[in-house]
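Protein chains in written order, with this note's numbering: chain A, 3 to 114; chain B, 132 to 248.
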């Protein structure tokens, strides 16, 4: 079983709609979770991190964490064409506080 | 405030050769982690350097080695290159706050695209 799982997509969402990206993880002890955005040919950019159960909002982005279900999601409101990218879910590795384990990413496409 | 820098941007090598990639961390950061990202995959952790020592290592062979210098910059060396080593190599820097299971936030450099022919 992969430690971090994401649907590879592509996920196609009309401009202005809400994009919902999902991620599940296997290590129940995971405490923190990250969402990175990666444009084609570029490096990952940290856009959200969440430590506590519930929602965390930052502008148009909302991260949702449910530790009981081992599930973390990212909502993007009022989707823009510039949001088209691959979104990587990431969690700390079990044996280290600093190693990060990434999912394979979900490719998001915002259609005008 | 300079971010994470990496050099070179692109590199083409042939099988069996050796390569050295370089990374300078973000100002104020003391920890460097290296990742390999194959096409269509998420980054895979190679190893991490802190206080000039390798602290953690992922599932990569000994052909992959590294070094950290007193100014916190780092090098990744790959010997006996294989076709499968073709990937984007990412350096990420962070400040080791001594957190326990929490992770110090890592910021990525632009990457080095390595092509092995």
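Using N, Cα and C, we set each Cβ at its ideal position, and we do this for glycine too.
No experiment lies behind these values; they were computed from the predicted model shown.
Between residue 74 of chain A and the set A:82, A:60 and A:56, the nearest pair of CA atoms involves A:56. Boundaries of the beta strand (DSSP E) harbouring residue 56 of chain A: 56-60, taken from the DSSP string.
Ranked by Cα distance from residue 82 of chain A, the options A:105, A:60 and A:110 are led by A:110. Residue 45 of chain A sits away from residue 212 of chain B, with the two beta carbons spaced by 8 Å or more. Under the criterion of beta carbons closer than 8 Å, residue 224 of chain B and residue 150 of chain B do not qualify as touching, at roughly 21 Å.
Taken atom to atom, the span from the alpha-carbon of residue 35 of chain A to that of residue 49 of chain A is near 11 Å. Of the residues assessed, residue 160 of chain B falls on the buried side of the cut-off, its CB having 16 or more other CB atoms within 10 angstroms.
The beta carbon of residue 204 of chain B sits closer than 6 Å to those of 155, all from its chain and outside the five residues before and after it, given in chain order. In this structure, the beta-carbon distance from residue 20 of chain A to residue 77 of chain A falls below 8 Å. DSSP places residue 214 of chain B within a helical segment (H, G or I) once states are collapsed to three.
Within the same chain, no residue comes within 6 Å of residue 201 of chain B by CB-CB distance, once the 5 residues on both sides are set aside. The Cβ of residue 51 of chain A sits closer than 8 Å to at least one Cβ of chain B.
Residue-level contact by beta carbon fails for residue 63 of chain A and chain B, as no gap is shorter than 8 Å. Contacts with chain B at 8 Å (Cβ-Cβ) do not include residue 69 of chain A. Boundaries of the beta strand (DSSP E) around residue 108 of chain A: 108-113. Contact of residue 46 of chain A with chain B by beta-carbon distance below 8 Å involves 174, 221 and 239. The C-beta distance from residue 207 of chain B to residue 247 of chain B rounds to 14 Å, too long to fall under 8 Å, and the pair is not in contact. Nearest Cα to residue 85 of chain A within the set A:39, A:60, A:65 and A:69: A:39.
In the DSSP annotation of this structure, residue 135 of chain B is not part of any beta strand (DSSP E), being labelled neither H nor E. Taken through DSSP and simplified to helix, strand or coil, residue 192 of chain B comes out as coil. Residues are counted here when their Cβ sits less than 8 Å from a Cβ of chain B; for the stretch 69-95 of chain A these are 90, 92, 94 and 95, given in chain order.
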